[in-house]
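Colleague:
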Amino acid sequence: MTDHQYPQPIPIGDWNRLLEGRVAVVTGGGTGIGGAISRLFAQHGAIVEIIDIDATVAGEAVADIEAAGGKARAHIADCRDWEQLQNAAEAIFADHAYVQVLVNNVGDFRPLERFRKSSPESWKAMYDINFFSTVASTKCFLESMIAGGGGSIVNVHSVEGMRGYPGDPIYGAMKAASAKFSTDLALSMGRNGIRVNGIGPDLTQTPQVDYISTSVGYEHLWEAWAPVGRLGWPEDQARVALFLASDLSAYVTGHNIPVDGGTKAGAGWFFSPTEERFTNRPKGL
Ligand SMILES: NC(=O)c1ccc[n+]([C@@H]2O[C@H](COP(=O)([O-])OP(=O)(O)OC[C@H]3O[C@@H](n4cnc5c(N)ncnc54)[C@H](O)[C@@H]3O)[C@@H](O)[C@H]2O)c1
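Mapping the sequence shown onto numbering that gives the first Met the number 0, position 270 (from 1) lands on 269, and the numbers just tick up by one.
See the structure below:
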């Protein structure tokens, strides 16, 4: 066997600049989890191309990144719309030959429709925002990643795609579809130098899911709610996205990581502060 048949791990270089010089597209990169990802990636040297429907939050993210000495641009587009996505991609390719990182972060559980009240229109809305947006933006950037010699795709779906979700089975199914898409695309793209992974958030404070104002008076229950005993922050998600986008995870592909403070692992077990033990019975909370 010759050496070239056993390539060594990619050198990491500066651990504080894990994405130096890489072009990173972040959908929904203005605020919430996407906003934290844009900001952290820029801090690590990425040239961040934000695609967001909201010009205000996208502009704020660009301003924050530039104020910190980073590079970013905003493209205003609705990721549910193929033509708008293609226009955003065209604007990105006007400046960069290749994209090395793609984070498909757009998604929403709203409007929440219980299945018995749902309709073909509400099913399609869940499909468009949670699955079409991911597939379509992947299609826009994949060829450029391959042509550029490789890259990393990170799909932000939900822990609800990885466990049973009673709220809306269509939302859960679309998130599961995004997780499965990540795994399956990873297998077919590995030899093209493309890695694909997903993250499944839970309990993370964002404009979409405002846990703080909806748990007033119940703050003491966080200890029982999440095994790590606290609310999640967008930065908690962004750090895992950075790991998956960077060469730190060069040998990781096709996986979906719950970034949930342990809720998926808990699987029905809750810590009871009063009894100082875990319980699977609500009485102990
Ligand atoms: N926050 C959580 O606890 C949580 C839990 C599970 C899953 N998620 C998932 O994480 C991802 C991010 O969630 P978040 O809570 O940060 O959301 P958020 O609504 O707070 O932020 C979403 C961002 O995407 C942009 N956006 C929304 N619709 C868009 C569209 N059609 N086209 C382009 N941009 C659009 C918004 O302007 C915003 O910048 C979503 O896929 C969501 O389903 C979040």
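Backbone N, C-alpha and C define an ideal beta-carbon position, used for all residues, glycine too.
Taking just the CA atoms, how far does Leu111 sit from Gly12?
Modeller: Looking at the two C-alpha atoms, the distance is approximately 45 Å.
Colleague: Considering only C-alpha positions, which residue in the set Ala66, Tyr164, Ile52 is nearest to Gly106?
Modeller: Residue Ile52 is the option with its Cα nearest to Gly106.
Colleague: For the putative contact between Gly189 and Thr252, defined by C-beta atoms under 8 Å, what is the C-beta separation to the nearest angstrom?
Modeller: That belief holds up - the Cβ atoms of Gly189 and Thr252 are roughly 6 Å apart, short of 8 Å.
Colleague: Among Pro119, Ile46, Leu202, which residue has its Cα nearest to the Cα of Glu65?
Modeller: It is Ile46 whose Cα lies nearest to the Cα of Glu65.
Colleague: Measuring from the CB of Val158, is there a heavy atom of ligand 1 at a distance below 7 Å?
Modeller: Val158: yes, Cβ under 7 Å from ligand 1.
Colleague: Ordered along the chain, which non-local residues of its own chain (more than five positions away) have a Cβ less than 6 Å from that of His156?
Modeller: Same-chain partners within the cutoff: Lys174, Ser177, Ala178, Gly197, Gly199.
Colleague: For Ser118, report the span of its beta strand (DSSP E) as first-last.
Modeller: Counting along the chain, Ser118 falls outside any beta strand (DSSP E), and DSSP gives it neither H nor E.
Colleague: Decide if the segment 93 to 102 is in contact with the segment 5 to 25; the criterion is three or more beta carbon pairs, one per stretch, under 8 Å apart.
Modeller: Yes: at least three Cβ pairs fall under 8 Å.
Colleague: Nearest to Arg238 by alpha carbon, out of Ile9, Ile50, Gly34?
Modeller: Among Ile9, Ile50, Gly34, the Cα nearest to that of Arg238 is on Gly34.
Colleague: Mapping the DSSP letters down to three states, classify Phe180 as helix, strand or coil.
Modeller: Helix.
Colleague: Measure the alpha-carbon distance for Asn15 versus Ala67 and round it to whole angstroms.
Modeller: Computed Cα separation, rounded: 14 Å.
Colleague: Determine, using beta carbons only, whether Gln204 and Leu186 come nearer to each other than 8 Å.
Modeller: No, they are not a contact pair.
Colleague: Considering only residues of the same chain and omitting the five flanking positions on each side of Asn279, which have a CB-CB separation below 6 Å?
Modeller: Taken in chain order, the residues that qualify are Gly267, Trp268.
Colleague: So what does Phe269 bridge to, in DSSP terms?
Modeller: BP columns for Phe269 point to Thr278.
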